[in-house]
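Taken in order, these protein sequences are the chains called C and V.
Using numbering that gives the first Met the number 0, the first residue of the first sequence is number 0, and each one after it goes up by one.
Using numbering that gives the first Met the number 0, the first residue of the second sequence is number 0, and each one after it goes up by one.
The beta-carbon is built from N, C-alpha and C at its ideal position, and this holds for glycine as well.
I have placed the structure first, in the form of structure tokens, so that the comments after it can refer back to it.
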Amino acid sequence: MLAVLKLRKTRNWIIQALFVGALAGIVIFGAVTASQTMQAQGMTSGFGFLFRSTGWPISFSLIPYGFGDPYWKALLIGALNTLFLAAISLTLSTLVGLLVAVLRTTRNGVMNALGTIYVDTFRNIPIILQVFFWYAVYTHLPRPREAYDVAGTAFLSARGLFLPGLNVTGLSAFIAIVSGIAAIVLALWIAHGRRFSRKKPAARRRLSWTVAGIGALAVMAVLVAGRIPDTQLLSLPELKGLNFKGGINVSPELAAMATAIAIYGGAYLAEIFRAGFLAVRRGQIEAAQSLGLSGWDVFAKVRLPLAIRAILPTLTNQYVWLLKATTLGIAVGFADFFMVVAVSITQSGQTMELIGILMAGFLTINYTLSSVLNRINRSIALKGQNIN
Amino acid sequence: MTATSHIDQQETARPAAWDWLRETFFASRLHAAMSLAGAILIVAIGWHLLDWAVLNAVFSSAGGPEACREASGACWAIIDARWRLILFGLYPHELHWRSATACIVIVAVAIASCMPVFWRAARLATLWIAGMASFYILMRGGLFGLAPVSEAKWGGLSLTVFIFSAGVLVGMPLAIVFALMRRSELPVIARTMSLVIDAVRSLPLVTILFTAAVVLPFVLPGWLQGDKLYRVIFGFALFFAAYQAEIIRGGIQAIPPGQDEAAKALGLSYWHRVSRIMLPQAFRNALPPTISQFVITFKETSLVIIVGFFEVMASGNAAYGTGDWRFAYIEVYVFIALIYFTFAFSLSRYGAYLERVMRVGKN
């Protein structure tokens, strides 16, 4: 018997079997306890609750939502809000990061100092503190009556930011956004994709601009056709009573989340971009300059693309991380996916099912984002060994 | 060689400082304009900050909130009035010295572990276990004639420090185990572990803390649940371990394969190879990312406010949210930001210093 145990192969099998057995044991133990707890509390398991109506409000939603709507719709709204916030704040933080990285890589001492102060300050303060800070700032702004305004069309007050908007139905706004993005992607693909590399550059450029133009026309047509009857197409916010009516309202919760993620994320992204800029060898920039390219062309056509190639894996991680930071919305009451799930748990008691949905949702979102970025990384990676 | 040094000598005929100034601030007309604009911006921001934070600020709470309303600058009076609440939370007022001493003990232990003298697994472990034990006795009481204080009353900075150090103390051994299991030659163990690590890493920390605080009581029988504080610390440690395991794995992978082969050739057992050859080198390789992970983890400790702990951020919110101080929120947040900044910035500077020293050692 002992001789058998000493055989390497047998021992490995036994260890793995014990490991799997222990894991399965923990899972079964948890499941049994959970079902006992549920029985004791008189609850039923299963996903039937998804079709019950919620009966509680959601402070911010992109699609119409009422008290009688079912749980699945509330969860969908939460997921959409998370994606919406992520799209805004990732874009903003990328812009901030690029700007600060350019400041930190110039040879100018004053600009360097500004960039360094920015990065060192905002990286060393917890993001949740920055969320609280901006939320406090936005909610302590003057009341709508004394709001700050930009030429009477945009207003900033304690009720949030009010911007001019369009009086169109949600569906047509959605179609317009999707077709706009599709036109931009198609135009970029025609201009830069390998598929069209046999065409002459001038013809490619013409084709690409045509596609972009058709896209812009289509967006306008959809918006005009989808306007809400008996209203003006352009909707300006105006003061009525104690609050503003019309226009687009960016709530203080959304504004605080977007500002905090943009500033905090910008400080981290700046360091990544800076590393990328430093990874581009001086000789390559000098070669571009000696070809007579202008300063902007050197940046846009040589420095930025080479830098992005060098940093895309790190950038992917940071974007996934920033996306997860949207869950802090619960601290100020922004109805993101996590907050909707947390409220659903306290309201419906379907703890296990909702936690499962939460985890599955985040795994899906993260996996999608990172696989898209990894795909881009593979497709733009330089093939061959001569340049890196 | 000779040609360039000749030019260099000619260039350095002028004072070197002047050259440096021209090179960094006035390399071209554009640079001169940028320097000027930047300098104006820095001076303007600096002046406004000085004006607000010092010149026109109210420092003493003697005049109450009314004195602040009349001044145009910062209202540090609220810090003067509420610093005990911010730093100690709900901890009994007359026992604040215990909470403060406990904090100082942990900070002293943290500073000591930055010294190379303590960089032995046994010494570090002894140092931290002794430190945590004295922290716990000071905070919890019930021994040596100290009045007992239940965990529900812990708060403020000492709670933040406790959650951070307990999470890291539990998380570090867990991370080593995770990393070793992920590199295991047994396929079932390696795959399961990589699945677990990736799953934990793709979830936001807030959801893990929430699960630990709210869902765990659901799947655990009563005798295993423990206080909410310890469940949250466990969730925190798990999250830390998943990230740290990947850092350690990176450190292990950077070890030249010859090291392990040589150890095998000498007939060392697995545990000897791991504890004497692999891990020491892995930790050396992974020291810079480990320190930045500590910085991130320290900042993330603040997230426990979401599952209802009265740590330094929550007590800060309470400090300005009650009574007549509602207008003084910026001062409270600046104060808390300074606390976090002090810890995080000094740790990250220490990390940068270590990285420099190690690079010198390698060349």
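Query	Result
Minimum Cβ-Cβ distance from Tyr-339 (chain V) to chain A less than 8 Å	No chain A appears in this structure, whose protein chains are C and V.
Cβ-based contacts, 9 Å cut-off: residues of the stretch 293-308 of chain V near chain C	Val-294, Phe-297, Lys-298, Glu-299, Thr-300, Ser-301, Leu-302, Ile-304 and Ile-305
Near the ligand GDP: Pro-115 (chain V) beta-carbon under 7 Å from a heavy atom	This structure lacks the ligand GDP, and indeed carries no ligand of any kind.
Residues bridged to Phe-161 (chain C) [DSSP beta-bridge criterion]	C:Phe-154 and C:Asn-248
Interface partners of Leu-219 (chain V) on chain C, CB under 7 Å	Thr-32
Beta carbon of Ile-14 (chain C) nearer than 8 Å to that of Leu-158 (chain V)	no
Under 8 Å between C-beta atoms of Ser-60 (chain V) and Ala-80 (chain V)	yes
Gly-155 (chain V) and Ile-85 (chain V) closer than 8 Å at C-beta	yes
Any chain C beta carbon closer than 8 Å to Glu-10 (chain V)	Model confidence at Glu-10 (chain V) stands at a pLDDT of 49, short of 50, so the residue's coordinates are unreliable; what they give is reported in the following sentence. It does not: the Cβ of Glu-10 (chain V) has no partner Cβ on chain C nearer than 8 Å.
For Gly-291 (chain C) and Ser-4 (chain V), the rounded distance between their alpha carbons	Residue confidence is low: Ser-4 (chain V) scores 46 on pLDDT, short of 50, so the model does not pin down where it sits. Its coordinate-derived value is still stated next. Using only the alpha carbons, I get a separation of about 30 Å.
Cβ neighbour criterion (16 or more within 10 Å) applied to Asn-362 (chain V)	Because the pLDDT at Asn-362 (chain V) is just 47, under 50, the model does not fix this residue reliably, and the point stays unresolved.
Leu-322 (chain C) beta carbon less than 8 Å from that of Ser-92 (chain C)	no
Option in V:Ile-295, V:Leu-219 and V:Ile-304 with minimal Cα separation from Ile-27 (chain C)	V:Leu-219
Beta bridge counterpart(s) of Gly-155 (chain V) as assigned by DSSP	V:Glu-310
Secondary structure of Asn-107 (chain C), DSSP reduced to three states	coil
Any chain V beta carbon closer than 8 Å to Phe-276 (chain C)	no
Collapsed DSSP secondary structure at Val-214 (chain V) in the structure displayed	helix
Residue closest to Ile-295 (chain V), alpha-carbon to alpha-carbon, out of V:Gly-88, V:Asn-316, V:Leu-204 and V:Ala-111	V:Leu-204
Own chain, CB closer than 7 Å to Pro-287 (chain V), minus 5 neighbours either side, in chain order	Gly-350, Leu-353 and Glu-354
Leu-238 (chain C) to Ile-329 (chain C) span [Cα, whole Å]	30 Å
Phe-326 (chain V) in three-state terms, based on DSSP	coil
DSSP-derived helix/strand/coil call for Asp-148 (chain C)	strand
Beta-carbon proximity list for Ser-301 (chain V), same chain, < 8 Å, skipping 5 on both sides	Thr-159, Glu-310, Val-311, Met-312 and Tyr-339
Inside the stretch 118-145 of chain C only - alpha helix (DSSP H) runs reaching at least 4 residues	126-138
Cβ contact (3+ pairs, closer than 8 Å) linking the stretch 206-225 of chain V and the stretch 136-144 of chain V	no
Residue closest to Tyr-117 (chain C), alpha-carbon to alpha-carbon, out of C:Val-210, C:Arg-203 and C:Glu-270	C:Glu-270
Element boundaries [beta strand (DSSP E), containing Lys-8 (chain C)]	Element bounds for Lys-8 (chain C): not the beta strand (DSSP E) but the alpha helix (DSSP H), 7-40.
Chain V residues whose Cβ lies nearer than 7 Å to that of Leu-327 (chain C)	Val-205
Chain-ordered chain C contacts of Val-335 (chain V) [CB-CB under 7 Å]	Note that residue 335 (chain V) is Ile in the sequence shown here, rather than Val. By Cβ distance, chain C contributes Leu-128.
Selection from V:Ile-39, V:Cys-74 and V:Ala-212 that minimises the alpha carbon distance to Ala-341 (chain C)	V:Ala-212
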